[in-house]
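Residue numbers (this note's numbering), protein chains in the order written: chain B, 4 to 97; chain P, 4 to 97. To start, the structure under review is shown below, and the notes come after it.
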């Protein structure tokens, strides 16, 4: 799962705190594997935060994110744009 | 480095081929470590492709991407939106 965040000016730390609250819940859910929150080096990056999380299955992730939404566990951040979507790696090179 | 692609309808395979051409060049450059191209499972995902690459240093990446641009090594794809930016992982949980 990759979530690309469009963070309004001045809301970065608020968004990181909201992300931490959601992560604390999600990491306890069945099928959670790992997550890495990436912060843009440039202050003017279009997407200040990108989260890349790994889940055991689509169903595990869907169940966890549904429960998170139902329990309102991702604190509201005014003007925040979130773009969560499921992906699979189609090409990798080391 | 994370690159978030906004892929126009019908241009996915063309974009993947362009990405492969760039990857073939970049993976030979000093400081390249690894890359993973992620494809959205949903056909209507806003960002159909997200590339997550790891480089040894900012300078290594900047040199390689400058050379790629100067040599015009990323084939043009009409209407393609690219959003490359450098990130660092600020939070991770396993």
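Where a beta carbon is used, it is the ideal one built from N, C-alpha and C, also for glycine.
Within chain B, the residues that residue i reaches when beta carbons sit closer than 8 Å
i, result
"residue 88/P", "43, 44, 45, 48, 49, 50"
Cut-off 7 Å between Cβ atoms - residues of its own chain near residue i, not counting five sequence neighbours on either side
i, result
"residue 71/P", "25, 28, 29, 77"
"residue 21/P", "77, 78, 80"
"residue 10/P", "18, 51, 52, 83"
"residue 60/P", "34"
"residue 7/P", "50, 53, 86"
"residue 15/P", "51"
Residue i classed as buried or exposed, judged by whether at least 16 other C-beta atoms fall within 10 angstroms
i, result
"residue 56/B", "buried"
"residue 54/P", "buried"
"residue 51/B", "buried"
"residue 68/P", "buried"
"residue 45/B", "exposed"
8 Å Cβ shell around residue i - same chain, five flanking residues per side excluded
i, result
"residue 63/P", "32, 33, 34, 35"
"residue 41/B", "52, 53, 54, 55"
Proximal chain P residues relative to residue i, where beta-carbon distance stays under 8 Å
i, result
"residue 95/B", "37, 38, 39, 40"
"residue 14/B", "None at all; the shortest Cβ gap to chain P is about 16 Å."
"residue 91/B", "41, 42, 44"
In DSSP terms, what residue i is bridged to
i, result
"residue 58/P", "35/P"
"residue 7/P", "53/P, 86/P"
"residue 91/P", "42/B"
Contacts of residue i in chain B (Cβ-Cβ under 9 Å)
i, result
"residue 7/P", "5, 7, 49, 50, 53, 86"
Chain-order list of residues whose beta-carbon lies under 6 Å from that of residue i (same chain, five-residue window excluded)
i, result
"residue 90/B", "5"
"residue 37/B", "57"
* Asked: Whole beta strand (DSSP E) runs in the region 44-89 of chain B with 3 or more residues, listed along the chain?
  -> The DSSP assignment places 52-58, 84-88 as complete runs of the beta strand (DSSP E) inside the region 44-89 of chain B, in order along the chain (cut-off: 3 residues).
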